[in-house]
Amino acid sequence: MSTKSHIYEQPLNERVRTFLRVETLMRRFHYFTALKGDWSGYSALLGILEVTALLERGDLKQELLKELERQYGALKLLATKDGVDKAKLDLILSKQNNAIDQIHKMSGKLGEPIKRIDFLLAIKQRTSIPGGTCNFDLPQLRYWLNQTHEQRLNDLSRWAAPYVEIESVIELILYVIRDSGTPKQVVADKGFFQQSLDSQRSNQLLRIEIPANKAYYPEISAGKHRYSVRFLNSQSIDQVPSQVTEDVPFLLSRCSL
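In the working numbering, the protein residues as written are 1039 to 1295.
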């Protein structure tokens, strides 16, 4: 993404929504593990707990396999069409095959071992309480935070290992989805844009790109048959935003595969 613009994304199904959430949490995890302060270690640990909680809602491995196989089948059909970059396509298909094998080799449900660690369970139970992880609440947490960065990083890496393993698979899946959309210049009439979705296509993701120097942002609503974009002013983050009253040109990518 260019530093001269910002991209906002809206998932169009629950599977992609989950993939984007995991991507965001893992990026945050890596950011904090790269820092050496004890509270950055705490933030990284909270990221692991968030991913674990997110994955309790379904079987992510099965969702990954279904999406990989769906994408693989769709891309195989492109191989016979003119104008396709065969080298790029073959590389992606090879990576997808490897990712499918990788998922098959993983045993058990993701995150299950973490749920059996009393230290992490105690932190999870206290995070719902404002200030519930103070030193007097969880002295073992304070003890862990007092360890060296290398010791904390060793623990964090061990706990996050299964999530790091699937992270590369999610990155591949989201790359293919994002690459399937072609940016088109459109205009939101007085700050509002609406369009129908082709129900015959596998709609995955909307991507909206606007210049970084603009003081507005898109609020996106999407259903099964249509979506809408409303641009809101944000002159001050403390004030209630209002809809832009002028026409807003922006780049729109509808990603479907």
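Cβ coordinates follow ideal geometry from the N, Cα and C atoms, glycine included.
Nothing here was measured: the structure is a model prediction, and the numbers come from that model.
Could you tell me if residue i is buried or exposed, where buried requires 16 or more neighbouring beta carbons within 10 angstroms of its beta carbon?
i	result
tryptophan 1077	exposed
serine 1040	In this predicted model, serine 1040 has a pLDDT of only 46, less than 50, meaning its place in the structure is not dependable enough to derive any value.
threonine 1118	exposed
arginine 1264	exposed
leucine 1083	buried
glycine 1170	exposed
arginine 1065	exposed
glutamate 1205	buried
valine 1202	exposed
glycine 1121	exposed
Spatial neighbours of residue i within its chain, please: C-beta separation below 6 angstroms, excluding the five flanking residues on both sides.
i	result
valine 1225	Asp1285, Pro1287
phenylalanine 1070	Ser1078, Ser1081, Ala1082
isoleucine 1167	none
threonine 1056	none
glutamate 1247	Ser1043, Ile1045, Leu1289
Can you check whether the C-beta of residue i is within less than 8 angstroms of a C-beta belonging to chain B?
i	result
valine 1214	Included in the structure is just one protein chain, with no chain B present.
Tell me the residue span of the alpha helix (DSSP H) that contains residue i.
i	result
phenylalanine 1070	1052-1071
serine 1206	1187-1217
proline 1177	1177-1183
alanine 1125	1124-1143
So the beta strand (DSSP E) residue i belongs to, where does it begin and stop?
i	result
leucine 1087	Unbroken run through leucine 1087 is the alpha helix (DSSP H), 1076-1093; no beta strand (DSSP E).
arginine 1245	1241-1249
lysine 1119	Where lysine 1119 is concerned, there is no enclosing beta strand (DSSP E), given that its DSSP letter is neither H nor E.
isoleucine 1258	1254-1260
Out of the options, state which residue places its alpha-carbon closest to the alpha-carbon of residue i.
i	options	result
glycine 1075	Leu1102, Arg1190, Ala1125	Arg1190
histidine 1187	Pro1151, Asn1051, Ala1072, Glu1047	Ala1072
lysine 1147	Glu1247, Arg1095, Asp1123, Pro1049	Arg1095
asparagine 1051	Arg1239, Ser1145, Lys1153, Lys1133	Arg1239
Spatial neighbours of residue i within its chain, please: CB distance less than 8 angstroms, with the 5 preceding and 5 following residues excluded, ordered by chain position.
i	result
valine 1207	Leu1102, Leu1106, Ala1137, Gln1140, Ile1141
For residue i, collect the residues of the same chain with a Cβ closer than 7 angstroms to its Cβ; drop the 5 residues on either side in sequence, then sort them by chain order.
i	result
aspartate 1175	Arg1164
leucine 1116	Val1122, Leu1127
Worksheet item: Are the segment 1061-1069 and the segment 1229-1240 in contact at 8 angstroms, needing three or more beta carbon pairs?
Response: Too few Cβ pairs lie closer than 8 angstroms, so no.
Worksheet item: Quick check: the segment 1205-1212 against the segment 1105-1116, are there 3 or more CB pairs under 8 angstroms?
Response: Taking a contact to require three or more Cβ pairs closer than 8 angstroms, the segment 1205-1212 and the segment 1105-1116 qualify as touching.
Discussion item. With three or more beta-carbon pairs closer than 8 angstroms as the criterion, would you say the segment 1117-1135 touches the segment 1172-1188?
Written reply: Result no; under three Cβ-Cβ pairs closer than 8 angstroms.
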